[in-house]
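2 protein chains.
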Amino acid sequence: MKIAILGSGNVASHLSKALIKAGNPVMQVWSRHHENAVNLALEIGANSIPDIKDISESIEVVIIAVSDNAIENVASQIPVKENRLIIHTSGTTAIAILQKFGNQYGVIYPLQTFSKSADLDFSQVPLFIEGNTASSLDKISNIASQLSAKVQPADSQTRALLHVSAVFACNFTNHFYTIAQQILQEKNLSFDLLRPLIQETANKAMLNLPSTVQTGPAKRNDELTMNKHIDLLSSHPQWQVIYHLISQDIVKKYHPQQAEDK
Amino acid sequence: MKIAILGSGNVASHLSKALIKAGNPVMQVWSRHHENAVNLALEIGANSIPDIKDISESIEVVIIAVSDNAIENVASQIPVKENRLIIHTSGTTAIAILQKFGNQYGVIYPLQTFSKSADLDFSQVPLFIEGNTASSLDKISNIASQLSAKVQPADSQTRALLHVSAVFACNFTNHFYTIAQQILQEKNLSFDLLRPLIQETANKAMLNLPSTVQTGPAKRNDELTMNKHIDLLSSHPQWQVIYHLISQDIVKKYHPQQAEDK
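Printed below as a string of structure tokens:
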């Protein structure tokens, strides 16, 4: 199946490399910033195209791997062609956004965090797939199964919930690593000091349900420590608010009586 | 050095096992709930004592490993005795809380998350130590170095900042894993689906500064997706507030212009 990739970001980059590794000819790359398309195309041995209208007639699968808020606009520029499969890769975007392609369209949503700087074993990335028809789903399943051992169907609503849960488990988590990094930096302390703790926190979640291994001042409803911490964050009022709010949510979960009226 | 442990929680349990593994005789265990002291004492081959006043004359080191808000009360019950070293294990509690022991006191603060259900290589746990005198610090350093390869001095203020950064990097992170777990549970989806993502998010922080590998809708300032996610969380208003606040903090960091007046 001859493939064109629209997008040159983290998902487009990792996905196109996985496709090629699995033996699929990724022929064309387009990006909003043409130089990015040129770079990715060079890296994977494809051609870069300056305009979406330049998608070759011979392309059988077009994969849209752009920001969620750009999908509609990008999709509107893809020429409609019979027997061409159009796929987007977004968690929160419904399959219906592609319905103008009437014929064959669907979704491959990789539930993983990609950074260009980080290598990744794509075969372990959970892929959630959806197709507009059983036949589309079948084709998409064939492509996805070449890339990963963890493929399963999910409708648009399920996929959106997976995405929002991933924002908490990954994006917000990484932001909290960043806040911790900044707290240490301001005191000239190395982020290395926290790495064993971060690793162990994730390790525990590999073996346990996280709700069963919560620790910390809020879990113990230790108001003295929580108040001291909020004082320590005085030069970052926004983090004080965040600290208070998350702690309150933890207290509410593990000490439902005490949390009332606070 | 004959040791008594006051406390029977996660830190007391892991620390006393590490002490014994390193060849130190942990002789006595006390806990607010005597049955917990009995259980831990049985596990490590020590004696449980029902009252702090029962600490034997021969004990040379007393380690206070109780909740931060209980340290003062526990310390007040320890008989003052010359040449006995008193140590607490708290991040946010200043060394001064032990000053009534005039003679020798200090802190061993393990920067790690402990759960009774999770085994852990204590030799890799960063230990931050403080002593009231150079001689106390030296003794504490000797004990700590038997337990871990990663021992370094830190004053009470530095330790408190390490602790608050750890609350973000570990406790709040685990709570976000828990929110994700609950979002999936409500849809009968397995937490297994998120485990590769959690692992990779932590892996990336082992090799990069987290501020350089942030991903997600807020990082892209993708308001469409953020608004959809907030809608999806409608049955959990508290999580909507949390989602909004953290996203706002991410947008502010990576898109300082756009975040103004929002």
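Protein chains in written order, with the UniProt record's numbering: chain S, 1 to 262; chain F, 1 to 262.
By construction, the Cβ of each residue, glycine as well, lies at the ideal position given by its N, Cα and C atoms.
For residue i, the first and last residue of its enclosing alpha helix (DSSP H)
i                 : result
Phe176 of chain S : 173-185
Met226 of chain S : 223-232
His244 of chain F : 237-254
Leu6 of chain F   : Not the alpha helix (DSSP H): Leu6 of chain F falls in the beta strand (DSSP E), residues 3-6.
Asp138 of chain S : 134-147
Lys17 of chain S  : 10-21
Leu161 of chain S : 156-166
Pro196 of chain F : 195-207
Alpha-carbon to alpha-carbon, residue j and residue i
i                      : j                 : result
Ser16 of chain S       : Gly216 of chain S : 42 Å
Asp249 of chain F      : Lys219 of chain F : 10 Å
Lys252 of chain S      : Glu60 of chain S  : 53 Å
Ile44 of chain S       : Gln124 of chain S : 21 Å
residue 271 of chain F : Asn188 of chain S : Outside the displayed range of chain F (1 to 262) lies residue 271 of chain F, so it cannot be described from this structure.
Asp138 of chain F      : Val167 of chain F : 29 Å
Leu184 of chain F      : His229 of chain F : 14 Å
Ala169 of chain F      : His88 of chain F  : 23 Å
Leu232 of chain S      : Val62 of chain S  : 52 Å
Met1 of chain F        : Ser247 of chain F : 51 Å
Pro210 of chain F      : Leu120 of chain S : 17 Å
Gly7 of chain F        : Leu224 of chain F : 50 Å
Lys262 of chain S      : Val241 of chain S : Any reading at Lys262 of chain S is ruled out, since the residue's pLDDT is 43, under 50, leaving its predicted position unreliable.
Ile97 of chain F       : Phe191 of chain S : 28 Å
Ser165 of chain S      : Ser234 of chain S : 30 Å
Leu193 of chain S      : Tyr109 of chain F : 13 Å
Tyr254 of chain F      : Gln199 of chain F : 24 Å
Ile71 of chain F       : Thr93 of chain F  : 8 Å
His236 of chain F      : His244 of chain F : 13 Å
Asn10 of chain F       : Val66 of chain F  : 9 Å
Asp51 of chain F       : Asn174 of chain S : 44 Å
Ala197 of chain S      : Val74 of chain S  : Reading off the sequence shown, one finds Leu at residue 197 of chain S, where the question assumed Ala. Approximately 42 Å between the Cα atoms of the pair.
Ala144 of chain F      : Arg195 of chain F : 34 Å
Ser48 of chain F       : Gln182 of chain F : 39 Å
Ile86 of chain S       : Met226 of chain F : 25 Å
Lys100 of chain F      : Lys53 of chain F  : 16 Å
Leu3 of chain S        : Asn69 of chain S  : Correcting the residue identity first, residue 3 of chain S is Ile in this sequence and not Leu. The straight-line gap from Cα to Cα measures roughly 23 Å.
Gly106 of chain S      : Ala46 of chain S  : 23 Å
Gln214 of chain F      : Leu19 of chain F  : 39 Å
Asp155 of chain S      : Asn208 of chain S : 28 Å
Counted within 10 angstroms of its Cβ, other Cβ atoms place residue i as buried (16 or more) or exposed
i                 : result
Ser117 of chain S : exposed
Leu42 of chain F  : exposed
Thr212 of chain S : exposed
His163 of chain F : buried
Ser135 of chain S : exposed
Asn83 of chain S  : exposed
Gln157 of chain S : exposed
Ser115 of chain F : buried
Met206 of chain S : exposed
Gln112 of chain S : buried
Asp222 of chain F : buried
Glu130 of chain S : buried
Glu57 of chain S  : exposed
Val80 of chain F  : exposed
Gly91 of chain S  : buried
Gln104 of chain S : buried
Gln28 of chain S  : buried
Ser13 of chain S  : buried
Gly102 of chain F : exposed
Asn171 of chain S : buried
Thr77 of chain S  : As written in the sequence, residue 77 of chain S is Gln, which differs from the Thr given in the question. Classification for Gln77 of chain S: exposed.
Thr133 of chain F : exposed
Range covered by the beta strand (DSSP E) that runs through residue i
i                 : result
Glu130 of chain S : 127-131
Met27 of chain F  : 26-30
Gln104 of chain F : 104-110
Pro153 of chain F : 151-153
C-beta neighbour in chain C for residue i, strict 7 Å
i                 : result
His175 of chain S : The chain inventory of the structure shown lacks chain C, comprising the protein chains S and F.
Inter-stretch contact at 8 Å, needing at least 3 Cβ pairs: the segment 23-38 of chain F / the segment 246-258 of chain S: Cβ pair count under 8 Å is below three, so no.
Sufficient close CB pairs (3 or more, under 8 Å) joining the segment 175-186 of chain F to the segment 130-150 of chain S: Taking a cut-off of 8 Å for Cβ pairs, the segment 175-186 of chain F and the segment 130-150 of chain S do not touch, as fewer than three such pairs fall below it.
Any 3 or more C-beta pairs closer than 8 Å across the segment 187-205 of chain F and the segment 28-36 of chain S: Not touching, per the Cβ criterion.
Within the segment 43-93 of chain S, ranges of the alpha helix (DSSP H) (whole runs, at least 4 residues): Runs of the alpha helix (DSSP H) inside the segment 43-93 of chain S: 71-77.
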